Structures are given as structure tokens and as C-alpha cells.
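Below: the structure, in C-alpha cells.
Residue numbers (the working numbering): 547 to 677.
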């Protein structure tokens, strides 16, 4: 048996102390979701064509040279990460922490971590077993 909308609203308002503004906001959200569902169902038959169109656009950009390759994007991201890490280090420890040749900082290969000598661990770090 279905409960009429007016009865549902009065139950929510009187028994559960839900404000009218909250009910209206909820109904608005539900209506937006219903509209999105109807739109999805209505455009479902075009999904294959949309994928074909997007693929053609990507290929055209690649052909025209306007698309950025993923390797170039990765190199740019590594470069930016390297610059940020260096800046954070300088902010935290100061420029005198770079050693005798601060002009050589950042001369290593971007995207490659530092060489770690096996068996040498800094003295500040201690590993203790949990008891």
C-alpha cells in the first residue's frame, strides 16, 4: 500500500522533527538524480558512437602534434617534483646544508633516487623491536 505524499511529509515533519527546508533539499537532490538517470538511459544507445568520436579526436591530435606524450608529461612531473623537493629541503635546512658545492645541487638525473651504500645506516635512526 502506498502512503500519499502529504501523509509522508506530515509524518516526517511532526514525528521525526524534519524541517521543511531539509525535506525540500532532499527532494531536490532526488529529482536531480532522477533526471541524470533518465538522461543516461536516453543517451545509452549513443555510447558506442561517443567512444568512436573520442578516439578519433585523440588520433587527430596525435597526428597534428598537439597532444603531449605521456613520456613528456612524466618528465615534466619528475622535474617539478625535483624542484619542489629541493625547495622544501632549502626551506627546512637552509642553503648551508647543501655542502661545499651548492651549485651542484640538482645536477643528478631526474627521476632517479640517490645511491645508497649497503650496510651504512645513519646513527639517528634506530630500529627497536616491539615488545
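C-beta atoms are modelled at their ideal positions from N, C-alpha and C, and glycine is treated no differently.
Just so we're clear, the structure is a prediction, and the values are computed from it rather than from any experiment.
{"query": "Backbone CA spacing between residue 662 and residue 589 [nearest angstrom]", "result": "Its pLDDT being 46, under 50, residue 662 is placed unreliably in this model, and the coordinates cannot settle the point."}
{"query": "Element boundaries [alpha helix (DSSP H), containing residue 628]", "result": "616 to 639"}
{"query": "Span of the alpha helix (DSSP H) around residue 572", "result": "566 to 588"}
{"query": "Collapsed DSSP secondary structure at residue 557 in the structure displayed", "result": "helix"}
{"query": "Residue 548 - DSSP class collapsed to helix/strand/coil", "result": "coil"}
{"query": "DSSP state of residue 611 mapped onto helix, strand, coil", "result": "coil"}
{"query": "Distance between residue 628 and residue 634 (C-alpha atoms, nearest Å)", "result": "10 angstroms"}
{"query": "Alpha-carbon spacing of residue 636 relative to residue 630, whole angstroms", "result": "10 angstroms"}
{"query": "CB-CB length for residue 569 against residue 558, believed under 8 angstroms", "result": "6 angstroms"}
{"query": "Neighbourhood of residue 593 by C-beta distance below 6 angstroms, restricted to the same chain and skipping five residues each side", "result": "none"}
{"query": "Distance between residue 585 and residue 555 (C-alpha atoms, nearest Å)", "result": "28 angstroms"}
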